[in-house]
Every structure is written in C-alpha cells, then in structure tokens.
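Undergrad: Starting off with a structure, shown below.
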Amino acid sequence: MSEQKNAAEQQFVEAYHLPEGTARHEALERAARTADSVDHLPLAVSCRIALLRSAYDLGRYDLMLAPFAWCGAAEKRDPTAFDEWETHSYDWAHKWIVTGLIADPRFSLAQVESFVDQLATRYQRHGFSLQPVHGARADLAEHIGDEAAYREHFARYLAMDRGPMSDCEACVVEEQAGHLIRQGRFAEAVAHAEHQLEKDTGCATQPQGILTTLTPAFVTLGDLERARQAHTVAYRLVRDDRYGGYLDDHLVFCATSGNVRRGVELLQRQLHRVHHAPSPSQAMHFAAGGALLLGRVTEPVEFAVPRDGRVEVLTAPRLRALLEERALTLAARFDQRNGTDAVSRRITAKLGAADTAHVPLAVPVAPTAAEPEEEPVLAADPVELARELGEAFDRGDFITGIRLLRSLPADLEPLLPESLAAVVAARRALVGRQSRDVAGVRAELAAAVDRLAAAGDADLANRYRCRGAVLLAEEEGPEAGTAVARECVAEADRAGEPHTRVLSRLLLADLLADVDEYEQQGELVATALALAEREVPDLVSRARCDLAQHRATIGELDEATALLGAILADDPPPSVRFDALRLRLKVETVRGDTAALATATEFVTAFSTPRGPWTAEAHRQRVSSIERLGVEEQHLEELRTAIAVGHELGVPEDVAKACHALSGGYLKSNRFVEAAEALEEAVRVIEGHDVSYDFVVPVRYRLAQACSRLDENDAARRHLEVALPLVPDDEPWRRALVLDVLGGVLRRLDQPLDGARAYAEAARAWQRVPDEAEAAGSWVESAAALPKEEHAETVAALVAAEELLPAVEDEDHRVHLAARIAAIRAFVHYQAGDHAAAVEQNGVAEELAARLDDVDWQTFLAQRGARFLLESGDPHNAEAEARRAATLVNDETPPQIVGDTANVLEESLRAQDKPTAGDPVLRALTARLGE
C-alpha cells in the first residue's frame, strides 16, 4: 500500500477516535475526501459509514444524505468494498433516512413515501423482517393524520417478529408502548413495556426511552409513585444530552405535574436548542414543550439564549412568545407539506395541555402542603393583648403567646405602658432569635431590660437579663453566660419574686450542663423544683422536665423516661410538652428504641402550627432520629416532608441534612438516581452558606459514591476534589475514605497512575489512624491500578501491603489480601517475561482463593496459570491446567471466565497440533457460552 493510502488511513483513525461532536464529524468529512483523493475505496466506505453514525449521534439527519447517497453509488460500483459490518450499517441507515425525511418539511411527502417504498424493497430483497417497514409506515401515517393507515400498520408492527434490521428489543417495545398510549390504551402500554425495564440492553437510548414513554401513562393511571421514579431516572439521563430526543416530554411533564422549577432547570440546560435544534421536528416539539412550561412560570426568570456566537437574555414571557410562534410556524410548514392539519392540531393541544395530578419529586423543592391556618385572634385592646401574651409566655404557652404577639402591630406599642411595652419588645427579640444573628437579638433584649429597670420593674428586668445570659453563652462561650446567670440568681434571691427565683435557677442549670458541672446542675434543678412546688405551681412541670434532662445527661435513662412519661400524662403547657417530647425522642433514639419513631410523629404533629423555629426543630429531630436508627428507607415520605418544611422556613442546613438522610434511604433501596438528586439538592442549598466541613464532606463524599454508581465519574471526581481540601489534617480516617473513592473514580476515568497514587495516599492516611487492615487494602488497590511502566512503584506498594498483613485481625480478610498480593505479583512477573515466577505466584494466589471458597476467583486464576504456561512455551502443561480450570466451571461461573478458559484450552491444543473440534471439554465450554 502506498504511503498516501497509509496516511489516509491514519487520518481516519485519528478522526474516528475524537470525542463525539461537530468537530469529529468535520474531521471524518476531511478523512473521506482524503480517501477519495487517493482512490482508497474501502477506506472511503469506512469513512461514510462513520459519517452516517456521527450524523445520527448529532441528531442531524440532514447530514446523512450526502454519505448515504455516496454509499448507494459505491455499492453499485463495487459491493465488495463493504465489509459485513459496513453492509449491515448501510442497511440500517435506510431506517434513519426515513426518520430524517419525515422530520424535515423541506422534503415532499412524495419523496418520503418513495423512500419508504425503497426501504421495503431493500429489506424484502435481503430477506429481512418487514417489522421496521411497518413501523415506518405507522410513523408516517400517524404524522400526517391518516388514522386508518396508522391502525393497519401499527397492528402489523405489533404482531410481526423482530429481525436483523429491527431496533433493539427495548426500542421496539418503547415504540409499541408509545403507539398504545397515543390510542389511549395506557394500561396495555404499561403491561407491554414494564417487563423490559428489568433488562440491561446496553442500548444508548434505554432505559430513558421506555421510562419517558410510560411516564404519562403512569400519571393517567394514578400511579404517581412510578411516574415520579420514571421521570426521575429518565430525566437524569437526558438532561445534558445536547442532541437527543425525549426532552420535550419532560418539559411537558414538569409543566403539567406541578414541577415548574425543575422544568426551568432543564430548560436552562438546553437553551442552545432555541436556535440550534438538530432538526425541524425536534425544534418544533422543544418549542412547544418550552412554551407550555414558560406559561406556568410566575417568578421572574431570565434565560441566556445562545445564537450565532452571542447570547441574548430573554425573560420568560418573551422566550415563551418566541417558542410558541416557532412551534406553530413549524407545525404549519409540516401540514403544508402533508396536506393535512394533523401536526398543527397536535402542537396546539400540547401548547394547551392541562395540569395533571401533582407528582411529588424525589426531592421536594417546596412545601408538600399549604401551611395549616392559624386560629384567628379576635381584635382586642392593645394593652389587653400585651398583658395576655405576657401571661401566655409566663405559663409556658408559647404558641398562644406567639399568635398574640403576631396580632399586636408594632406601631401600637408606643400606646402601651412603658413596662408592658418593654416586655413586648423583649418577647419580640427572643422569638426572633432563631432567624437573626445573636448579637442583634442580644442588643434588642438588653435595651428592653434597661427599659424595664428604668420603669421600676427590677424583677422582670432581672428575669430577662438571665435569658440574655443564654444568648451571651452562645456568642461568647458558656463561662461568660454562666457568670451573668449566677448574678441573676443572686439578685433573684435577694429581691426577686418566686417565679424569677425558679426560672433563673433553671436557666443557670442549663448553662452548667454545657460546662460539665452536672452535680451543681442537679442541685439547682432540685432546688428550683422544690421552690416551684411550694410557691409557683405553673413552673412545676418545667422544673420536672429539666430534672428529666439532668437525669438523661448523667446517664440515668430509665429515671428520665419515667419522669417524661409522668410529665406528658399531666397535659403540660406547650413549651414543656415541646421540651419533653424532644427529650423523650432523643432518649429513645439513643437506646435504639423504635418507639422513637412514634414519638417523632407526635412531636412533629403537635408543633406544625403556627409555623416557626419550633416546627423546624421538630422535623430536625425526627430526621436525626430516623438517620441514627438507620431506617431511612422506611421513612422516605417523612424525610421528604422535612425537606419541604426546611425550604418553607428558610433553613438551608436543615434542608441539606434531610437531603442527606433521604439519600441514605434511596441508597439502601438501590435507587441511586434519586440518591444523587437528594445530595445535589443538599449541595445546592448549602453553597454560599457558612456550613461546617464535617457536614459538607460527607455530603460530597456520598454524592461522589452515588455518581460513581451511575457511571458519572467526572462528576464524582469533582465532588471528591471539593471535599478533599476541606478535611483537616487531624482527621486522617476521613481523608482516607475520600482518597479511596477518588482512587477508584480516577481508575475508571482511565487515569490509572493518578488513581494508584490516590490509593497510596489513602493507605498512608489509614496508617496514621491507625487501621492496618484498611491501609493494606489501599496499598493493594494502588498496586493493582499502577500501569506496567511503574514496576518499581508496584513492587513497593505490594511490599507495604504485605508488611501490614500480620496486624490484620480478621483471618478471611488477611487471606484475601494475601491472595490479591500474590495474584498481582504473578501478573507483574508475567509482564516482565519471568513466566516461572508468574506461574509460582499465581499458584499461591489460587491456593489462597481455594481457602476462601471463592470458586470463581480460583477458576480465573487456574485458567490464567494456563495462559502463563502457554506464553512460556509449555502448551502441554497449559492444556492440563486449562482442563483443571474447566472442572471448576459451574452454572454460576461468569461467561468471561468460561470464555477465557475455552480460549486457552483451544490455543493449547492447536499449539500441539491436536484436534479441537471433537474435544469434549472444549465442546462443553462452548455449549455453556451458548446457553
């Protein structure tokens, strides 16, 4: 072959291996022209077949026409220029051309029909099943609105067997289900297609195709849970697909199922389609789906729409008008081509689609239900309202107190007596403490205390000063708060009322618990309880609840539980009931008692209205209990509700923690897409907020694991690379966890050296913990990942792992690691050409695998030993080893191992000039592969 032809072939190879996209397509076109210029027909055929596939991947059926026509001429010129695969590909491309012609109104209906006839003639001539032909005729009939022809050909398409030119089984099922749905046969569509979802077809458009098709059927049938799951899984697979279909279906789903925000997020990812859709049909359906969605957008949103190298920023109404006009204009062009109004009727119907039942998402972005309405507060004299709210708070009825406080307009406070106005100001400050910075609340409370003192109400001033000590402890530390609280107790004993003497002691006791002064805490609570029982009955339940808290703090959980039961049985005021339920929930959770879940439900139910920080706290504690008890998968709905409430109340950290717990439930249920979505929502809400690393790192770490399970390894790497710098040096165990996962991700990204070094860094971190078993495992992974060129580094990693084996306590784990070390050493020796050492170490590994009763691994190693012997020039012993490996094969042996065993046996026989056709062992292995 001439140098020019060799260079042309190299040009094609380089173009072929470029990443999918326009640049690759253009490179393939240049390679085709080069092949033509050097008269290299077989290469020119390969170039055109590659161009057909490239155009399909880009969704650009118009780009197929030139290479398709060229192939037709080349086939007439010399059919032998096409190899078997290229002939198959050219036959297959005939279906793509039909699809492309239907999807472009620039081609006449006569041209489309003529090509469908060509498709039928070709497939009939080659003896192929005509199922794809009837599918094409059904598509065309449905497109132009010919109902009779549509039903005829759809019936044939449904009934006819698949053939070599039929789409994959899953795609055929998808199309058939879609036809059934268009006829309103929703239950039939689901029954026909759902079994296919259990199969892994390897098709690039599945399972998203079937899931997208079935989603509206699930909604119509009222199966909203399956509709949510179908949309969630399919959405993740199509959201970043720049050229493929299905997008408009998800825009319509989001628009009509109450998930507009999610639809806007999807639309934002695909704005290049506004002016650069792959085909007129896709442009029309995208425009219709987008316009429908935008008609439901009520918040101001801007869309950066790319066009010819620049970006135009459009509001939702402007973009909606543009898309609606485009959808209708394109529909009219199709109808003009077809001589019917079928397309316009369908697009008009899509633009006017009505809302369906609301389909809750896997991760809520808004409350699942409207906030319960509060009981109305009767209009009253401001002075009377102020007195009542003060009394409500004093007796522990904070719900009534807050309702009354919300009913008292701030602009009426100047009409109140000074002392009463100061109490109202103090209460406003304390109620707002959860949503404001502590320093601002303290300043307002201090001003109210000064006003009370100036008004001559020293006892109330002291009481609120003691409450301020709690805020001071939050801001400056418990010692500072404790010092002020002690002063308040002393002042109350000197000149205060019993109420203040009890309350100040309880507040000081809480602060002492924060500095581990449990004995003093207990004495103060006991004194406060005795005083309350004598003189302040309203505070008895409060003091008893604090005593239960003290008992729980010092580990007397039975005593605490008994106290809490008695308190709750006496119908305590809301503030005491809140604290008692929260404490009982914590105690039951610590004990691993599933009664905690019922307590959590009671807690959340009791404090859902009026909404406030207490509502958030109730959900927060339920989330914590569910997660700590490890039952997330059983309480997905409660976790979703917590997310919605967190969004409603504006508590991003609560949203993120509930998302983390929800992801755990999804992971335990093997619902990895939903787990990833929950964690992505957690990342979204905490970005820009000051959230501790010890929460951010677990979220990113778990998200990386979920992405990795979904084969989204680039995303997994990004999350791990965000998490790693956040891990402090004094937490080597956390650093090791992140590095181990990063090593696996980098390896799957075909970056073995970086992956191996991440594993090695993880191993060193585990040694710092110390955890010798984990460290040895990471060293083994590092050795396994290292490329052939890094021989010395591989050996060093194996030595490091081997040195740690004596410290590995679990015998099975120790044997497993030793087996892996020997197996890797065997391969290293084989790569170096030392076949004797390779066989020896492989034998060691096999003996250890046998000790573990790992038959599959043992079989793999046995056939690999045969391969090493064959490569060393010893086919006789290679045959013996291969036959021994064959005796280990059973019904559960993976096909890859069976195939490798058959191959090495056949090659060993051929190397000895022995017959293979009649060998019973080889025949048995081959038959096993054919099962």
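So for the sequence shown, the numbering used here puts the first residue at 208; every next one is plus one. Glycine included, C-beta positions come from ideal geometry on N, C-alpha and C.
Can you tell me which of the three DSSP states F335 falls into?
TA: Looking at F335 - three-state DSSP - the assignment turns out to be coil, as it is neither helix nor strand.
Undergrad: Using CA atoms only, rank isn't needed, just tell me which of R525, D353, G352 and A345 is closest to Y364.
TA: A345
Undergrad: Taking only three categories from DSSP, how would you classify E730?
TA: Residue state, collapsed to three classes: helix.
Undergrad: Could you tell me which of A523, A490, A564 and P524 sits nearest to L537, measuring between CA atoms?
TA: Between L537 and the set A523, A490, A564 and P524, the nearest pair of CA atoms involves A490.
Undergrad: Can you name the start and end residues of the beta strand (DSSP E) that A511 belongs to?
TA: E509 to R514
Undergrad: Out of L558, E395 and G951, which one is the CA nearest neighbour of D921?
TA: The residue with the shortest Cα to Cα distance from D921 is G951.
Undergrad: Tell me which residue opens and which closes the beta strand (DSSP E) that V518 is part of.
TA: R517 to T522
Undergrad: DSSP on L428, reduced to helix/strand/coil?
TA: coil
Undergrad: Can you check whether the CB of A755 is closer than 8 angstroms to the CB of L771?
TA: Cβ atoms of L771 and A755: closer than 8 angstroms.
Undergrad: How long is the line joining the alpha carbons of A1003 and H1083, rounded to whole angstroms?
TA: 35 angstroms
Undergrad: Would you say the region 523-531 touches the region 492-511, given that touching needs at least three Cβ pairs under 8 angstroms?
TA: The count of Cβ pairs closer than 8 angstroms, one atom from the region 523-531 and one from the region 492-511, reaches three, so the stretches are in contact.
Undergrad: By Cβ distance, which residues of its chain are closer than 7 angstroms to V1105, with the 5 residues on each side in sequence left out?
TA: Taken in chain order, the residues that qualify are V1096, L1132, R1135 and L1136.
Undergrad: Using C-beta distances below 6 angstroms, list every residue in its chain close to A1187, excluding the 5 sequence neighbours before and after it, in chain order.
TA: Look at the range of the chain in this structure, 208 to 1138, and you will see that residue 1187 is not part of it.
Undergrad: In chain order, what are the residue ranges of uninterrupted alpha helix (DSSP H) at least 4 long that sit wholly in the region 991-1064?
TA: 998-1011, 1018-1038 and 1042-1058
Undergrad: How should D1107 be labelled, buried or exposed, when 16 other C-beta atoms within 10 angstroms of its C-beta is the threshold for buried?
TA: buried
Undergrad: Using a Cβ-Cβ cut-off of 8 angstroms, state whether A280 counts as contacting chain D.
TA: Protein chains in the displayed structure number just one, and chain D is not present.
Undergrad: Should D786 go down as buried or exposed, given a rule of 16 or more other Cβ atoms within 10 Å for buried?
TA: buried
Undergrad: In terms of residues, what are the limits of the alpha helix (DSSP H) holding D753?
TA: Note, D753: alpha helix (DSSP H), V747 to T760.
Undergrad: State buried or exposed for W292, treating a residue as buried only when at least 16 other CB atoms are found within 10 Å of its CB.
TA: exposed
Undergrad: R713 and V691: beta carbons closer than 8 angstroms?
TA: It should be pointed out that residue 713 corresponds to Leu in this sequence rather than to Arg. Result no, Cβ atoms of L713 and V691 do not sit closer than 8 angstroms.
Undergrad: Between L652 and A633, which are expected to be in contact by the criterion C-beta below 8 angstroms, what is the C-beta distance as a whole number of angstroms?
TA: 6 angstroms
Undergrad: Of the residues A511, K557 and P487, which one's Cα is nearest the Cα of R540?
TA: With distances taken between Cα atoms, R540 lies closest to P487.
Undergrad: A1073 and A1092 look like a contact to me (Cβ under 8 angstroms); what is the Cβ gap, rounded to whole Å?
TA: In this structure A1073 touches A1092 by the C-beta definition: roughly 6 angstroms separates them, less than 8 angstroms.
Undergrad: Examine the ligand COA and report whether any of its heavy atoms sits within less than 7 angstroms of the Cβ of R610.
TA: Although the ligand COA was asked about, the structure shown includes no ligands whatsoever.
Undergrad: Starting from the Cα of R672, find the closest Cα among V630, P705 and D644 and give me that residue.
TA: V630
Undergrad: Taking 7 angstroms as the limit between beta carbons, can you name the residues of its chain near A982, skipping five residues before and five after?
TA: A970, W973, Q974 and L1011
Undergrad: Between A495 and K557, how many whole angstroms is the CB-CB distance? I'm expecting something under 8 angstroms.
TA: 5 angstroms
Undergrad: Counting only runs that start and end within the region 649-712, where is the alpha helix (DSSP H) found for 4 or more residues in a row?
TA: 665-683 and 685-702
Undergrad: Could you give the DSSP three-state label for A980: helix, strand or coil?
TA: Helix, per DSSP.
Undergrad: Please confirm if the region 268-284 is in contact with the region 319-337, defined as three or more CB-CB distances below 8 angstroms between the two stretches.
TA: At 8 angstroms Cβ cutoff, the stretches do not touch.
Undergrad: Run through DSSP, which three-state label would R941 get?
TA: helix
Undergrad: Starting from the Cα of P371, find the closest Cα among D298, C695, L270 and L719 and give me that residue.
TA: D298
Undergrad: Measure the C-alpha to C-alpha separation of D745 and A883 and round it to an integer number of angstroms.
TA: 50 angstroms
Undergrad: Quick one: Cα of H565 to Cα of V445, how far?
TA: 22 angstroms
Undergrad: Would you kindly report the start and end of the unbroken alpha helix (DSSP H) that includes S870?
TA: P859 to K875
Undergrad: Between the C-alpha atoms of E938 and V906, what's the straight-line distance to the nearest angstrom?
TA: 17 angstroms
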